[in-house]
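Residues 5 to 163 (the numbering used here) make up the sequence shown, in order.
First up is the structure itself, then whatever we jot down about it.
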Amino acid sequence: MYQNIMKSKCDLERRVIENALSIAAMSPAEAGHKLMKEEGYLAISAGESLHLLRCRKVDLTLRKVNSCYDQLPVKMGNESLFLAPRSRILTTTGKEVICEGRLPVMYKLGQQWFRAMPGLIEGPATQILKPHTALTWQYVSPESLAVAGIYSERDTKKL
């Protein structure tokens, strides 16, 4: 049973890696985030290899804009940049989107969510997506194995 569980876990991890490798060609930042399970990584596809690069952290300030963007408008010194969602990789361009009150662009800064309206205002906490698989297996201790066996006490002493 243990081997089946470990094999299933290994197969699942392999599928996650294969999925991330497929994503790498289209979105290096998203693939880096998916593979490393933390922000700030790029996965650069080069032929049949994949290079994982960790970006260095820099100090940023929020930038006030009159539009809404899929990426968070920021400044690094005097330079206007955008911070990509999830991966937190800096980019020079942002995708302008419609400012929609019912389905706003949202960013998580620290522990708080913010809505772009186009200025940032506090937003409600979002629902966290989780797998729906319920654990049904329970361990049952084989207590009788510890006190009984196939040999009697007399047979054991003879050995």
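The C-beta atom is built at its ideal place from N, Cα and C for all residues, glycine as well.
Check                                                                                                    : Outcome
Neighbourhood of residue 96 by C-beta, 8 Å cutoff - its chain only, sequence neighbours within 5 removed : 85, 86
Contact under 8 Å by Cβ, residue 112 with residue 75                                                     : no
Test item: CB-CB of residue 28 and residue 57 under 8 Å                                                  : no
Runs of beta strand (DSSP E) wholly within the stretch 45-83 (minimum 3 residues, chain order)           : 45-50, 53-58, 76-80
Beta-carbon spacing of residue 32, residue 47 below 8 Å                                                  : yes
For residue 35, the first and last residue of its enclosing alpha helix (DSSP H)                         : 32-40
Cα-Cα separation between residue 120 and residue 69, rounded to whole angstroms                          : 10 Å
Rounded straight-line distance, which links the Cα of residue 77 to that of residue 62                   : 15 Å
Run of the beta strand (DSSP E) containing residue 10, from where it starts to where it stops            : Looking at the DSSP string, residue 10 is not in any beta strand (DSSP E); the run it does join, the alpha helix (DSSP H), is 6-28.
Cβ pair residue 71, residue 36 closer than 8 Å                                                           : no
Range covered by the beta strand (DSSP E) that runs through residue 126                                  : 124-126
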